[in-house]
Amino acid sequence: MKTWLITGCSSGFGQRLALASAQRGDRVIATARNVRSIGAMAEPFGGRMITLPLDVTDAAAAKAAVAKAVETFGGFDVLVNNAGYALFGAIEEGMPEEYRPMFDVTSSV
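Read in order, the letters of the sequence shown correspond to residues 222 to 330 in the working numbering.
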């Protein structure tokens, strides 16, 4: 049994990976900026899946999520940093304040 910490679980690949991992019997820490959007996802898996709020641009939130993962499961084996930000359209049509957040996601954890 592996323990996964997966960011960006509110939709798409992150959500599907979190569900598939839990369905195969692994433990999952599923995160999203808005934890209400993923809260019900953990219900079918009892204590094997927890959901946590996490904005990956917030170092304090990342540290808190890791601390909760360690507290709950003793750590984790797999980290999937799936969280992302997208701007649709040609880059030359965007303003710096629109596209800059895609490049500013860093971690000091």
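Here a beta-carbon is modelled for each residue, glycine too, at the ideal position from N, C-alpha and C.
In this structure, the alpha-carbon of A290 lies about 33 Å from that of E319. If you ignore the 5 residues before and after R237, its C-beta comes within less than 6 Å of no other C-beta in its own chain. For A311 and N255, the gap between their C-alpha atoms comes out near 28 Å. Between T228 and V301, the beta carbon gap of about 7 Å places them in contact (Cβ cut-off 8 Å).
Listed in chain order, the non-local C-beta contacts of R248 below 6 Å within the same chain comprise T224, R269, F294, local neighbours out to five positions each way being set aside.
When rounded, the separation of the alpha-carbon atoms in C230 and M323 is 18 Å.
Annotation for A283: the continuous alpha helix (DSSP H) segment containing it runs 280-294. For R254, no alpha helix (DSSP H) segment is defined, and its DSSP state is neither H nor E.
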